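Asker: In the numbering used here, the protein residues as written are 11 to 113.
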Amino acid sequence: MQLDEFANQLYSRSELLISNLDSINEKIDDFATKIELADERLEMLRLQTPNLTIIRADRAQLTKISRKQDAAMSVSLMVNCFLFIAIVFVFYVISEGVNGNFL
11 MQLDEFANQL YSRSELLISN LDSINEKIDD FATKIELADE RLEMLRLQTP NLTIIRADRA
71 QLTKISRKQD AAMSVSLMVN CFLFIAIVFV FYVISEGVNG NFL
């Protein structure tokens, strides 16, 4: 009797273990599916990332160009002001020299 009960307990426990293993296998399969989906999404992001990097690089380059243009415009404005003042001074010197009242 005890041997039969022991065999029945072993059999019921083995069935329980098998059902638990099946459940674990299903969970592993679900997890593997999720990993595959995440891997596909990651690959899509990798494919899109170079475009984003190029856009960021273009924006950075445009910002640098814009700053250089602003600096060039500032220098150009200063040079033009200096030339205007020099021309006015030359005309003043010439006019005063013609009038005989130079300095």
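Here a beta-carbon is modelled for each residue, glycine too, at the ideal position from N, C-alpha and C.
Quick caveat, the model's predicted, so the values are computed rather than measured.
Which of helix, strand or coil does DSSP assign to Gly-107?
Answerer: DSSP places Gly-107 in helix when its eight states are reduced to three.
Asker: If I measure Cβ to Cβ from Asp-80 and keep anything under 6 Å in the same chain, skipping five residues before and after, which residues do I get?
Answerer: There are no such residues.
Asker: Give me the Cα-Cα distance between Asp-118 and Leu-20, rounded to the nearest whole angstrom.
Answerer: Past the boundaries of the shown model lies residue 118; the chain is included only from 11 to 113, so the question cannot be answered.
Asker: For Phe-16, which residues in the same chain have their Cβ closer than 8 Å to its Cβ, ignoring the five residues on either side in sequence?
Answerer: Taken in chain order, the list of residues that qualify is empty.
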